[in-house]
Ligand code: ADP
Ligand code: MG
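Numbering (my numbering), first residue to last: 82 to 778.
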C-alpha cells in the first residue's frame with residue numbers, strides 16, 4: 082500500500098523549519114497534498130530571447146540588448162530611463178525608484194538582459210522596473226529550460242523556496258499516492274487525464290509545452306483541475322444550503338385574504354412573471370424550514386409588489402414581516418407605498434430609520450416589540466440591539482447587493498434570538514442587478530432563484546444615444562429645452578474618477594457650478610455621497626416634488642428612487658462604468674408615461690472594448706442581455722461587484738473560461754453529494770479554504 086501524500090507533513094521536506102512552516106500554513110498548506118494543490122497562477126518564459134521588434138503589449142518577455150543612453154527625465158514623475166537596442170528595435174527601461182549607483186551602471190555599450198512586462202509608451206515599448214542582469218560583452222544571455230511556474234505566495238516566502246519544495250513533493254508523487262476524488266465515470270466521459278499527470282505538468286511544464294497552450298486554459302490538464310475545483314466549490318455551497326434546511330421555520334400556508342384584496346384594488350393586474358414568482362415564494366414558505374430565495378428582476382419589474390403580497394400572507398398567518406432597504410430615501414418611499422396598501426386592510430405598518438426623532442423611534446420600537454406593528458420597513462436601523470421583534474417570520478432585503486453579508490445575517494438573527502422554539506425567519510433577497518444564469522447558479526448556489534423576466538405592459542423603452550463630449554454645448558441646449566419647453570426633469574450623472582469618491586464629488590460640484598451658470602433659467606440641484614444624509618434627503622425630496630429641474634449627481638442615485646417625471650439622463654464618462662451599473666443608473670428614467678432618453682457622453686477616444694460595451698447599452702434595454710455581455714467583456718468580478726466576488730475567488734478555475742463545464746459540474750456535484758459524503762468532504766478540504774465565507778446570506 083502506497084503512502085498517502087496527505088499523510089506527510091511539509092516539515093519533512095528539506096528547507097522547512099518552523100518559520101517556513103508557519104508561512105506555508107498561512108497559505109493553507111500543511112501536508113504534501115496541500116502543497117501540490119497550491120497551483121501556479123502564471124508562468125514565465127525565460128527559455129528564449131524575444132527580439133524587441135516582436136514584443137507585444139502587456140506580455141512579459143526576456144530581452145537581450147545593448148545600452149544606448151540613460152537619462153533622468155522629469156515628466157509626470159521623475160524617472161531614470163535607459164534606452165536599449167538589439168538591432169530589431171529600441172526599448173526603454175524605466176525606473177521610478179533608483180540610486181545614483183544604478184544610474185552609473187547604465188553605461189553606453191553595456192550588454193544587458195531584462196525580463197519584464199512590455200508596455201507601449203507612445204510608440205516605443207517600455208519595461209517598468211524589469212529584472213536586470215548585466216552581462217559582459219562576450220556573455221550570451223542566461224536562459225532557463227522550459228517555463229517557470231510562479232506561485233501565489235505570502236510576505237517573506239520566496240518563489241525560490243516554494244519551487245524547491247515543489248520539486249521535492251513532485252519526486253515523492255512518483256512513489257506515493259494522491260487521492261483521486263472525481264468519480265471514474267466523469268473522468269471517462271469528459272476524457273480527463275489522470276490527476277497525477279495534471280499536477281506534474283502544471284508544476285513542471287515539459288519543454289515542448291508552450292506558454293500559449295497553458296494560458297489558453299483549454300488544455301485538458303487544466304480543465305481537469307478546474308472542473309474538480311468547481312465541483313468542490315459547488316458542493317461546499319450546497320452543504321451550506323442543506324445545513325440551512327435543517328433549521329426550523331414557521332410554516333406560512335397560503336391565506337390569500339389580504340393579498341387578494343390588495344391585488345384586486347390595484348389599478349392594474351400583476352404580470353404573469355410577478356404571479357409566478359409569488360407562487361414560488363408561497364410554496365417555499367409553506368415548508369417548515371426557512372426559505373432562502375433570491376428574486377432577480379430588472380429595474381421597474383415590480384419587485385416591491387411581489388414582496389408586499391408575500392409579506393401580507395405572513396400577516397394573515399399572524400406573524401411579523403420586515404423589509405430592509407439600503408437608503409433612507411428608499412425606505413421612506415417603500416413605507417409610503419406600504420402604508421397606502423395596508424391602511425384599507427387595517428394592518429399596521431411602521432417605519433424605522435435613524436433620522437426619526439427619539440419619540441418616533443420609541444413608538445416604533447414599542448410597536449415592533451408588542452407585535453402591534455405587523456409590517457416593519459426600515460434601513461440598517463432595523464438590526465440594532467434595541468430592536469426586538471415579537472414574532473418575525475419573514476425578512477425581505479431589497480437591493481441585496483448594497484448590503485454586506487454581515488448586515489444581512491444580523492437582521493436574520495432578530496427572528497430567533499428570543500423565541501423558545503428556535504424558529505428562523507424565511508428570507509427573501511431582491512436584486513435589480515441581473516446576473517447571468519450560469520453565474521447565478523454558481524455564485525448563489527445556496528439560494529433558490531426566481532426571476533421576474535417581464536416588465537409591466539406599456540413601458541416605453543429608453544432611447545439611448547452614445548456621443549462624444551465634444552458635443553457638450555449641444556447637450557446643454559437640449560437639457561434647457563427639455564426642462565423649459567417640455568417640462569421634463571433631468572439627471573446629469575458624473576461618474577467615478579480614479580476610484581476616488583472625493584474626486585467624484587469634486588467633479589460633481591464643478592459640473593454643478595458650471596451648469597448653474599450656463600443654465601441660469603433652470604433650477605439646478607446637486608447630490609453626492611459626501612453630503613449629510615439629511616441634506617441628500619432634502620435634495621432628493623425637492624427633485625421628487627419637482628422643485629428642481631436638473632439634478633447633478635454622482636452614482637449615489639443608483640438605487641431605487643422613483644421620479645416619474647424625470648425622463649432625460651446624461652451620463653458623463655460612461656466608459657468608466659460596468660454595463661450593469663449603467664443599466665441601473667439608466668433605470669432612474671423611463672418610469673413615467675413619457676418617452677425617455679439617455680445620453681452617454683464619453684470623453685476622448687474610446688477603446689474598442691469600450692465602443693462595444695456602449696453599443697450594447699445603446700441597442701438593448703434588457704438587463705439580462707446586458708449582464709451577459711458584461712460578463713463576456715469584463716469578467717465575473719465586474720458583473721457581481723466586488724462584494725460578492727469574495728466567495729468566488731477560485732484558486733484555479735475561471736468562470737468565464739470554464740463556463741462550458743458548469744452544467745456537468747452541477748450534475749457531478751449533486752451525484753457526489755447524494756452518494757458519497759466522505760468524498761464530498763475530502764473535495765471541500767482539498768479546495769475550499771474558507772467555507773464559512775462562501776454563504777451569501
Ligand atoms: P422594482 O422592481 O424596480 O423595485 P418597483 O417595485 O419599484 O420596481 O415598481 C415600479 C413601478 O411599477 C411602481 O410604480 C409599481 O407600482 C409599478 N408596477 C408594479 N407592478 C406593476 C404591474 N403589474 N403593472 C403596472 N405597474 C406595475
Ligand atoms: Mg425596487
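For every residue, glycine included, the Cβ atom is placed at its ideal position computed from N, Cα and C.
Does the distance from the C-beta atom of residue i to that of residue j stay below 8 Å?
i: residue 410; j: residue 753; result: no
i: residue 570; j: residue 644; result: yes
i: residue 432; j: residue 445; result: yes
i: residue 74; j: residue 145; result: Absent from the structure is residue 74, since the part of the chain shown begins at 82 and ends at 778.
i: residue 522; j: residue 339; result: no
i: residue 355; j: residue 478; result: no
i: residue 668; j: residue 715; result: no
i: residue 653; j: residue 691; result: no
i: residue 565; j: residue 602; result: yes
i: residue 311; j: residue 117; result: no
i: residue 210; j: residue 371; result: no
i: residue 574; j: residue 680; result: no
i: residue 390; j: residue 359; result: yes
i: residue 379; j: residue 671; result: no
i: residue 508; j: residue 373; result: yes
i: residue 688; j: residue 648; result: no
i: residue 201; j: residue 520; result: no
i: residue 172; j: residue 206; result: yes
i: residue 158; j: residue 177; result: yes
i: residue 584; j: residue 605; result: no
i: residue 516; j: residue 750; result: no
Comparing the CB of residue i with every heavy atom of ligand 1, is any distance shorter than 7 Å?
i: residue 467; result: no
i: residue 351; result: yes
i: residue 537; result: yes
i: residue 36; result: With the chain running from 82 to 778 in the structure shown, residue 36 is simply not present.
i: residue 378; result: yes
i: residue 382; result: yes
i: residue 643; result: yes
i: residue 665; result: no
i: residue 355; result: yes
For residue i, which of the options has the nearest alpha-carbon?
i: residue 401; options: 392, 407 and 408; result: 392
i: residue 255; options: 618, 600 and 278; result: 278
i: residue 276; options: 287, 307, 292 and 248; result: 307
i: residue 769; options: 618, 98, 101 and 109; result: 109
i: residue 165; options: 158, 156 and 152; result: 152
i: residue 461; options: 407, 662 and 143; result: 407
i: residue 174; options: 147, 167 and 208; result: 208
i: residue 122; options: 196, 228 and 170; result: 228
i: residue 86; options: 250, 326, 706 and 346; result: 250
i: residue 711; options: 293, 404, 514 and 341; result: 514
i: residue 294; options: 124, 259 and 204; result: 124
i: residue 332; options: 398, 148 and 289; result: 398
i: residue 744; options: 637, 518 and 732; result: 518
i: residue 336; options: 396, 88 and 583; result: 396
i: residue 625; options: 554, 269, 673 and 97; result: 673
i: residue 128; options: 115, 142 and 136; result: 142
i: residue 327; options: 343, 345, 368 and 592; result: 368
i: residue 126; options: 230, 325 and 119; result: 230
i: residue 740; options: 762, 713, 628 and 559; result: 713
Is any heavy atom of ligand 2 found at a distance shorter than 7 Å from the C-beta of residue i?
i: residue 479; result: yes
i: residue 385; result: yes
i: residue 513; result: yes
To test your reading of the DSSP string, which unbroken beta strand (DSSP E) runs of 3 or more residues are found completely within the segment 663-709? The segment 663-709 contains these whole beta strand (DSSP E) runs: 678-683.
Tell me the start and end of each unbroken alpha helix (DSSP H) in the segment 171-196 that is at least 4 residues and wholly inside, in chain order. If we require 4 residues or more, the alpha helix (DSSP H) runs fully inside the segment 171-196 come out as 181-186.
Output the residue ranges of the beta strand (DSSP E) runs that lie fully inside the segment 381-436 and measure 3 residues or longer, sorted by chain position. The qualifying runs are 401-405 and 430-433.
Curious, which full-length alpha helix (DSSP H) runs of at least 4 residues does the segment 515-562 contain? Entirely contained in the segment 515-562, the alpha helix (DSSP H) runs reaching 4 residues are, in chain order, 518-524.
Scan the segment 105-184 and note each continuous alpha helix (DSSP H) run of 4 residues or more that stays entirely inside, going in chain order. Every unbroken stretch of the alpha helix (DSSP H) spanning 4 or more residues and falling wholly within the segment 105-184 is given here in chain order: 113-117.
At 3 residues or longer, and completely inside the segment 584-644: list those beta strand (DSSP E) runs for me, N to C. As for any beta strand (DSSP E) of minimum length 3 sitting wholly inside the segment 584-644, the runs are 605-608 and 631-634, ordered along the chain.
Suppose only complete runs of 4+ residues qualify. What are the alpha helix (DSSP H) ranges in the segment 306-365, listed by chain order? Listed in chain order, they are 338-346.
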